[in-house]
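The first sequence runs 33 to 915 under my numbering.
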Amino acid sequence: MARLAVPAPVTDALPKTYDPVGTEARWQQAWETSGAFHPDPSAPGEPFSVVIPPPNVTGSLHMGHAFNTALIDTIVRFQRLQGKNVLCLPGTDHASIAVQTILEKQLKAEGKRKEDLGREAFLEKAWEWKAHSGGTIVGQLRRLGYSVDWRRERFTLDAGCSAAVIEAFNRLHEQGLIYRGEYLVNWCPASGSAVSDLEVEMKEVDGHLWHFRYPLTAGAAADGRTYLEVATTRPETLLGDTAVAVIPKDPRYADLVGQTLTLPLVGREIPIVADDHVDAEFGTGCVKVTPAHDPNDFAIGQRHNLPLITVMAKDGSMNEAAGCFQGLDRFEARKAVVAAMEEGGFLVKVEDYRHSVPFSDRGKVPVEPLLSTQWFVKTEPLAARCREALEQADPRFVPERWSKVYRDWLTDIRDWCISRQLWWGHRIPAWFVVSETGGVITDTTPYVVARDEAEARAKAQAQFSGGTHAHPLVLEQDPDALDTWFSSGLWPFSTLGWPDADAADLARWYPTSVLVTGFDIIFFWVARMTMMAGAFTGRMPFQDVYIHGLVRDENNRKMSKSAGNGIDPLLLIDRYGADALRFALVREVAGAGQDIRLDYDRKSDTSATVEASRNFANKLWNVTRFALMNLGGETPASLGEPDPAALQLADRWILSRLARVNRETAERYGSYGLGEASKGLYEFAWNEVCDWYVELIKRRLQVPAELEGAAREAALADQRTARQVLAKVLQALFVMLHPLMPHLSEELWHGLTAEPEETFLALQPWSALDAAALDDNLEASFAELIQAIRVVRNLRAVAGLKPSQSVPVRFVSGRAELAAVLTAATADITALTRAERVEVLDPAAAAASPATKALAGVSGELQVVLPIEGLVDLDALRGRPGP
RNA sequence: GGGCGAUUAGCACAGUGGUAGCGCACUUCCUUCACACGGAAGGGGUCACUGGUUCGAAUCCAGUAUCGCCCACCA
33 MARLAVPAPV TDALPKTYDP VGTEARWQQA WETSGAFHPD PSAPGEPFSV
83 VIPPPNVTGS LHMGHAFNTA LIDTIVRFQR LQGKNVLCLP GTDHASIAVQ
133 TILEKQLKAE GKRKEDLGRE AFLEKAWEWK AHSGGTIVGQ LRRLGYSVDW
183 RRERFTLDAG CSAAVIEAFN RLHEQGLIYR GEYLVNWCPA SGSAVSDLEV
233 EMKEVDGHLW HFRYPLTAGA AADGRTYLEV ATTRPETLLG DTAVAVIPKD
283 PRYADLVGQT LTLPLVGREI PIVADDHVDA EFGTGCVKVT PAHDPNDFAI
333 GQRHNLPLIT VMAKDGSMNE AAGCFQGLDR FEARKAVVAA MEEGGFLVKV
383 EDYRHSVPFS DRGKVPVEPL LSTQWFVKTE PLAARCREAL EQADPRFVPE
433 RWSKVYRDWL TDIRDWCISR QLWWGHRIPA WFVVSETGGV ITDTTPYVVA
483 RDEAEARAKA QAQFSGGTHA HPLVLEQDPD ALDTWFSSGL WPFSTLGWPD
533 ADAADLARWY PTSVLVTGFD IIFFWVARMT MMAGAFTGRM PFQDVYIHGL
583 VRDENNRKMS KSAGNGIDPL LLIDRYGADA LRFALVREVA GAGQDIRLDY
633 DRKSDTSATV EASRNFANKL WNVTRFALMN LGGETPASLG EPDPAALQLA
683 DRWILSRLAR VNRETAERYG SYGLGEASKG LYEFAWNEVC DWYVELIKRR
733 LQVPAELEGA AREAALADQR TARQVLAKVL QALFVMLHPL MPHLSEELWH
783 GLTAEPEETF LALQPWSALD AAALDDNLEA SFAELIQAIR VVRNLRAVAG
833 LKPSQSVPVR FVSGRAELAA VLTAATADIT ALTRAERVEV LDPAAAAASP
883 ATKALAGVSG ELQVVLPIEG LVDLDALRGR PGP
């Protein structure tokens, strides 16, 4: 547009509709090649920084990314206009378990397992895949016009992040905050790895409650009872039972506590213990206890010193401890155990039972509580620091209510299982001294934690050479990888150069200004970052946390890959433009962190919501086209500021409105009121600038050729004033809109200002508020004028007048102030209502010359009269039905 | 079991003490030289329910109902 815009006559060549696709690509490239968003840490200006939530390299762009991006980029672009030294840092996440799952699936299709390839070859494949797939989402983020510094793009598994992970692990270990031990963990048989509590989702499932008899070893109790009845939803675990618990002090069982039962099928003698965990209200009041396969039973086992018998292998099949059930898959084993119990006469009854079953988020199969040796982070000391900071609103949550959710989770937090039996990810920086345990890693093999193998060797040497350890030292690094979130937890500072304390970016931009993310990862990510940051930087990693909702589909369902109800942002960008999509998403956010719903027609891939925003973009395009046709080839700069004394009523009104909207918009952008900001600008641009101001000045922009002399001079001066105000308003509007519609505003700003391509609106200063222009009274009066014009138009419509018919208009008002405004605006009213003439009378004067055969309407205390005798058949009008 | 959110026009949503609003859809008119991805004029809501506070409540308070979400070890 910049090239087409000047000189003026050529503007006729501008298309009537805005075509976003080419324009957006052009500006994206211009911004990027010019380094417009590459900040310099040594540059002046208050620092403002954001690290983006790194999307998984697995994925392609979904609506959630588009939404998050729209919000972040709006904030960041606004701060840049405010003159701050803004860093917005992009990157991607290696998504350990997700990527490995995909790769293993690919291998499986080829009939191979990862073990066939070996670790090295598998990782090579993974990197190849990352190089290929990671580029997809990055390219898609670019299409949104994200004003990030691509030069600083990071990946959670790159060299810098890996160094940070190793350092973090070592420091936590040195502080005693990382430990290794055998505990009951959530085991996902599908991915063959432990997962954390957060990666487990409870699902309601229709199952059964089996009631079994466990016979008393002694044969019969004093009262003649020969067995206890227990109920379970998981019969296969009975093979690992090591006790039956009963309610303490329950008269039914009091005398049995201490006696033993003989476990059916297995023949093991197991004690009857009394434990408070047993609920008197539920079932038989007796609970079978399988400490190695249930978290509650594990706790009971600890209290009563019960043995742990693991009957299941890591792949979900029964192991040798399961006797004749060995080798059966856990679900087959369940059937087999029930059958065997029935056959043995131990089955009392089966009830249908709906209950919650823990599922693995990733594997989509029930997780198995399994005894396993894993690495853990001791979280309480880290969480305590976060809770303390939160008392000073550090970080500050927006909306505030999320701080409670965050705090509650940090209270009574459980330790974090960080080891994963995966290859893709950060390998745990611990080396086992396998020479101590016959060359293999066992649960008791000693280990050293170190920064690298050399350091590990030195440490091991000091501990394990000479004396009883006098044999050649052999080390082997722990084969396991770390939970992806361990590296994500370092993201706000690892990306800025930590652990290098002298890193310029870290010094300049840490802590970051705001984290923008969805509520669904407050625990996964936000809390992990604050815990890690507290430990390593002594500060919370961001000042504010802006929590947004989810994007739901047209049926108000959460969009998800598995449900297949996602809406492809790229389709909408192709159809309507990235600006339209961004504007639509932000415009829906007005409320505080609510989910937003995006309307969508799957048959045609259209969205009325996004289309409305596209239409808005087109409106802006056209009002700029109009301006370019009417500014006589001049720019805001060449026109200069209007002379305050020359301003007309409409000019002063729009300048007052502009000043007010400018102030409101800055406040809204600055306080995460992005939805309000977008709505305010939409209404200002469309309803006030386009619908009223532009209509009002059309008359003044045309100077009739027949005017001569002083009249001509006056008209030209007035034309110049109108041009000055129009240019000023549009220019300021583009600045204000820029955070929301960066490409369009950049394009139109260039068209209007004729600035060179390499000068960017994105880097201009926000227009300062012109406080002197604010005029409450004027705005109120002008609203009355608008109403008066509407009444006239309404009466004309009611009368069925043709647009070409002009009629006299009479206003009657007792309020001198209003009368003065109407009188001053006579020419405007004439133009906008096709009035033959306009008269403004006070009630007395009106009574003196009553208009007969007239239509009348009111607006407040203003009376509007249209004497239309002779133009319209009033009697016919009166007789017709409605309105 | 605990907590949070929502309930306003046909649809989707703003509005948080003072005469009910935006977008889409709908009705009528207008192809007037920025825009039909448009313009003008309209129709449509006892703001979930019940009480309370107040001169005044969609808005504040208490409770109820419905829907949704999060957390929690009931076999």
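We put the beta carbon where it would ideally sit given N, CA and C, even for glycine.
Where residue i sits in the DSSP three-state scheme
i       : result
Gln-680 : coil
Ser-66  : helix
Ser-526 : helix
Phe-378 : coil
Pro-899 : strand
His-164 : helix
Pro-915 : Confidence at Pro-915 is low in this model, with a pLDDT of 33, below 50, so its placement is unreliable and no value can be given for it.
His-309 : coil
Asn-337 : coil
Thr-43  : Annotation note: pLDDT 46 at Thr-43 (below 50); position unreliable, no value reported.
Leu-762 : helix
Arg-629 : strand
Leu-36  : Caution is warranted here: a pLDDT of 38 is assigned to Leu-36, below 50, making its placement in the model unreliable, and no coordinate value can be reported.
Ile-84  : coil
Lys-396 : coil
Leu-690 : helix
Leu-748 : helix
Gln-509 : strand
Phe-187 : strand
Phe-496 : helix
Glu-699 : helix
Tyr-385 : strand
Lys-235 : strand
Phe-391 : strand
Within 8 Å, strictly: CB atoms of residue i and residue j
i       : j       : result
Arg-284 : Gly-317 : yes
Pro-401 : Asp-326 : yes
Val-577 : Leu-706 : no
Thr-527 : Thr-667 : no
Trp-448 : Ser-228 : yes
Leu-898 : Val-841 : yes
First and last residue of the uninterrupted beta strand (DSSP E) at residue i
i       : result
Lys-320 : 318–321
Asn-218 : 210–220
Gly-96  : That residue, Gly-96, is in no beta strand (DSSP E); its alpha helix (DSSP H) goes 95–113.
Glu-871 : 867–873
Cys-120 : 117–121
Ala-883 : Run containing Ala-883: none; DSSP gives neither H nor E here.
Val-227 : 225–227
Val-481 : 479–481
Limits of the alpha helix (DSSP H) - the one that residue i falls within
i       : result
Leu-706 : 706–715
Tyr-608 : 601–608
Pro-774 : 774–785
Glu-147 : 146–149
Leu-739 : Careful: Leu-739 lies outside any alpha helix (DSSP H) and carries neither H nor E.
Glu-136 : 128–141
Ser-520 : 516–520
Val-197 : 191–206
Pro-668 : 668–671
Val-89  : Per DSSP, Val-89 belongs to no alpha helix (DSSP H) and is neither H nor E.
Decide if the region 349–364 is in contact with the region 268–276; the criterion is three or more beta carbon pairs, one per stretch, under 8 Å apart. The region 349–364 vs the region 268–276: in contact.
Where are the beta strand (DSSP E) runs, 3 residues long or more, that stay fully inside the region 399–462, in chain order? Whole beta strand (DSSP E) segments, 3+ residues: 400–409 and 428–430.
Given 8 Å as the limit, is there contact between the region 499–510 and the region 71–79, that is, 3 or more CB pairs closer than that? With the cut-off at 8 Å, the region 499–510 and the region 71–79 do not touch.
Quick one: complete alpha helix (DSSP H) runs, 4+ long, within the region 524–608? DSSP runs (the alpha helix (DSSP H)) wholly in the region 524–608: 536–541, 560–569 and 601–608.
Runs of beta strand (DSSP E) wholly within the region 766–854 (minimum 3 residues, chain order): Listed in chain order, the beta strand (DSSP E) elements of length 3 or more contained wholly in the region 766–854 are 839–844.
Beta strand (DSSP E) segments (min. 3 residues) lying fully within the region 240–297: Here the runs fully enclosed are 259–264, 275–278 and 292–294.
Stretch-stretch touch, CB-based, cutoff 8 Å, three pairs: the region 374–384 with the region 243–254: Contact between the region 374–384 and the region 243–254 is present, because at least three Cβ pairs lie under 8 Å.
Pairing CB atoms from the region 427–446 with CB atoms from the region 559–578, are three or more of them under 8 Å? Contact between the region 427–446 and the region 559–578 is present, with at least three C-beta pairs closer than 8 Å.
Does the pairing of the region 696–716 with the region 757–771 give three or more beta-carbon distances under 8 Å? Yes, the region 696–716 touches the region 757–771.
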